[in-house]
Amino acid sequence: MSDPDREYDSAEENSEHRVDRRSLLIGGGLTAMAAVAATVAGSSSGFVERLLRDRFEELSPERKAEILDELEREYSRRFGRDVEVADTAPMEGVVFGYGLDIARCVGCRRCVYACVNENNQSRDPQIQWIRVLRMEKEHGIELAGSNAYYEPAEVPEPDAFYVPVACQQCRNPACVKVCPVKATWQEPDGIVVIDYDWCIGCRCCMSACPYGARHFNWADPVISSEELNPKTHYLGNRPRPRGVVEKCTFCIHRVREGRYPACVEICPVGARKFGNLLDETSEMRYLMREKRVFVLKEELNTQPRFYYFFAT
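Start counting the sequence shown at 4; every next residue gets the next number (this note's numbering).
Listed below in C-alpha cells is the structure:
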C-alpha cells in the first residue's frame with residue numbers, strides 16, 4: 004500500500020501538484036480571513052495584516068514601536084483625542100500579588116465601576132472584569148449558591164458578606180494551557196496577558212478558567228470619547244475589537260509604573276491590598292505572614308496569586 008505522505012514529499016514527481024495545492028491553501032486561507040474580517044471585525048482597517056504578523060512578544064523592538072504608533076494613530080482618529088499605547092515591560096525582582104479582606108468588603112461595587120472606567124470596558128453591551136458575589140453568613144463561602152446580581156436598598160446587609168472575584172493570576176493557569184494559538188501567556192511579574200490581535204475568539208480559555216474571569220466581546224464595544232481612558236497598554240486596557248476574549252490584568256498599565264490598580268485605590272474601606280510578593284517588607288508579605296490567607300478552589304492546583312483573608 005502506498006504512503007500518501009511519502010508521495011507528497013517527493014519534490015521531483017509532485018512539485019507542480021504541491022505548488023497548486025499551496026496556492027489553493029493560501030487562496031482559501033485569505034478568503035476565510037476576509038470573511039472573518041467582514042463578519043467578526045466589521046472589516047476594520049488592517050485586520051488581515053494583524054492576523055498574519057507574529058505575536059507581539061516575538062516582534063523586534065523596532066516593529067513593536069511601529070505597531071504601537073499605528074495603534075495610537077488609529078485610536079486617536081476613532082476617539083478624537085490623543086491616545087497612548089505603551090508596552091511597559093515587567094520590572095525585575097517583582098511578582099505581583101493581591102489580597103482581599105472579606106471582613107471589610109461591604110459589597111458596594113465601586114471596584115467594579117472603577118475597573119470599567121480604567122480599563123476601557125464596553126458599556127454597551129456591558130463587560131465587567133470584576134464580579135462581587137453576595138453570600139449568606141449562615142452558609143459561609145459557597146460559590147455555587149452566591150448571587151452576583153443583588154440589589155438591596157443599602158449595603159452591607161446584616162445577613163450577608165461579599166466575595167469579589169476577578170482573574171486570579173494563577174501560577175498554573177489552565178487558560179494558558181488550552182489556548183490553541185498561544186494568544187495568552189504569563190509574564191515574569193505573574194500577570195497573565197492576552198494579545199488581542201492573536202486571539203481567535205474560540206473561548207477555550209473561558210471554558211478552562213474555573214473562576215469565570217474571562218469575558219468575550221460579542222458585539223462592537225461601545226466606549227465614548229468622554230469615557231475613554233487614553234493611557235493604555237498593548238497587553239491591557241487598549242480598546243479591544245469584537246470577537247476576542249479579555250480579562251483583568253491587575254491594571255498592567257498602572258502597576259508597572261509603580262501605581263496601585265484602580266480597584267485598590269477606589270475601595271472606600273481599604274479591603275483591597277496589593278504588592279510585590281518577592282519583597283519581604285511589602286504589605287502582601289506581611290499579610291502572608293500574619294493572616295490566615297486562602298485561595299479559591301485550591302483543590303484545582305491553579306495556585307492563584309489572589310489571596311483572601313479575614314482581618315478580624
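Don't be surprised by glycine CBs; every beta carbon is placed ideally from N, CA and C. Small disclaimer: the values here were computed from a predicted structure and weren't measured.
Neighbourhood of residue i by C-beta distance below 7 Å, restricted to the same chain and skipping five residues each side
{"i": "Val115", "result": "Gln131, Ile133, Val135"}
{"i": "Pro128", "result": "Trp221, Ala222"}
{"i": "Pro264", "result": "Phe253, Cys254, Arg257, Val258, Phe277"}
{"i": "Met94", "result": "Asp192, Arg259"}
{"i": "Gln189", "result": "Pro176, Val179, Val195"}
{"i": "Val184", "result": "Trp201, Ile203"}
{"i": "Ile226", "result": "Asn123, Ser125, Arg126, Pro242"}
{"i": "Cys212", "result": "Ala177, Cys178"}
{"i": "Gly96", "result": "Leu281"}
{"i": "Glu145", "result": "Met138"}
Same chain, Cβ closer than 6 Å to residue i, neighbours up to 5 away in sequence not counted
{"i": "Ser285", "result": "Gly278, Asn279"}
{"i": "Val267", "result": "Arg275, Phe277"}
{"i": "Arg113", "result": "Ile269"}
{"i": "Ser26", "result": "With a pLDDT of 44 at Ser26, under the threshold of 50, the predicted position of this residue should be treated as unreliable, though the coordinate-derived value follows. Cβ within range, chain order: n/a, list empty."}
{"i": "Tyr2", "result": "Because residue 2 is not part of the residues shown, which for the chain are 4 to 315, the question remains open."}
{"i": "Cys108", "result": "Tyr165, Ala274"}
{"i": "Glu249", "result": "His218, Arg243"}
{"i": "Asn150", "result": "Arg137"}
{"i": "Cys111", "result": "Val158"}
{"i": "Leu74", "result": "Val88"}
Cβ neighbour criterion (16 or more within 10 Å) applied to residue i
{"i": "Pro307", "result": "buried"}
{"i": "Thr42", "result": "Residue placement at Thr42 cannot be trusted, given a pLDDT of 48 that sits under 50; the coordinates are not used to answer."}
{"i": "Pro191", "result": "exposed"}
{"i": "Thr305", "result": "buried"}
{"i": "Asp198", "result": "buried"}
{"i": "Gly239", "result": "buried"}
{"i": "Asp104", "result": "buried"}
{"i": "Asp23", "result": "With a pLDDT of 42 at Asp23, under the threshold of 50, the predicted position of this residue should be treated as unreliable, and no value is reported."}
{"i": "Val272", "result": "exposed"}
{"i": "Gly148", "result": "exposed"}
{"i": "Tyr376", "result": "What is shown of the chain runs 4 to 315, which leaves residue 376 out entirely."}
{"i": "Glu121", "result": "buried"}
{"i": "Ala156", "result": "exposed"}
Residue i - DSSP class collapsed to helix/strand/coil
{"i": "Tyr311", "result": "strand"}
{"i": "Glu301", "result": "helix"}
{"i": "Met94", "result": "coil"}
{"i": "Ala38", "result": "Confidence at Ala38 is low in this model, with a pLDDT of 47, below 50, so the placement of that residue should be treated as unreliable; the coordinate-derived value is given next. Helix, per DSSP."}
{"i": "Pro213", "result": "coil"}
{"i": "Lys250", "result": "coil"}
{"i": "Ala68", "result": "helix"}
{"i": "His256", "result": "helix"}
{"i": "Asn120", "result": "helix"}
{"i": "Arg126", "result": "strand"}
{"i": "Glu283", "result": "coil"}
{"i": "Ile269", "result": "helix"}
{"i": "Arg80", "result": "helix"}
{"i": "Ala316", "result": "This structure cannot speak to residue 316, because the chain is shown only from 4 to 315."}
{"i": "Glu145", "result": "coil"}
{"i": "Glu75", "result": "helix"}
{"i": "Lys180", "result": "helix"}
{"i": "Val115", "result": "helix"}
{"i": "Leu290", "result": "helix"}
{"i": "Cys173", "result": "coil"}
{"i": "Cys208", "result": "helix"}
{"i": "Glu60", "result": "helix"}
{"i": "Tyr263", "result": "coil"}
Identity of the residues DSSP links to residue i by a beta bridge
{"i": "Trp188", "result": "Val196"}
{"i": "Thr235", "result": "Val88"}
{"i": "Asp104", "result": "Phe312"}
{"i": "Leu136", "result": "Val166"}
{"i": "Glu277", "result": "The question names Glu, but residue 277 in the sequence shown is Phe. BP columns for Phe277 point to Tyr101."}
{"i": "Asn150", "result": "Arg137"}
{"i": "His218", "result": "Glu249"}
Whole-angstrom C-beta distance between residue j and residue i, which should lie under 8 Å
{"i": "Val179", "j": "Val195", "result": "7 Å"}
{"i": "Val296", "j": "Gly193", "result": "Actually they are not in contact, since the Cβ atoms of Val296 and Gly193 sit about 16 Å apart, beyond 8 Å."}
{"i": "Glu69", "j": "Pro233", "result": "Incorrect: roughly 20 Å between the Cβ atoms, too far for contact."}
{"i": "Asp90", "j": "Leu71", "result": "6 Å"}
{"i": "Phe82", "j": "Ser210", "result": "Between Ser210 and Phe82 the Cβ distance is about 33 Å, and since that is not below 8 Å, they are no contact."}
{"i": "Cys208", "j": "Val181", "result": "6 Å"}
{"i": "Phe309", "j": "Tyr101", "result": "5 Å"}
{"i": "Arg316", "j": "Pro224", "result": "The first residue shown for the chain is 4 and the last is 315, placing residue 316 beyond what the model contains."}
{"i": "Leu299", "j": "Tyr214", "result": "6 Å"}
{"i": "Ala216", "j": "Gln171", "result": "7 Å"}
8 Å Cβ shell around residue i - same chain, five flanking residues per side excluded
{"i": "Asp162", "result": "Glu139, Lys140, Glu141"}
{"i": "Phe59", "result": "Lys67, Ile70, Asp90, Asp198, Asp200, Trp201, Tyr237, Leu238"}
Near the ligand FAD: residue i beta-carbon under 8 Å from a heavy atom
{"i": "Trp132", "result": "You won't find the ligand FAD in this model; it holds no ligand whatsoever."}
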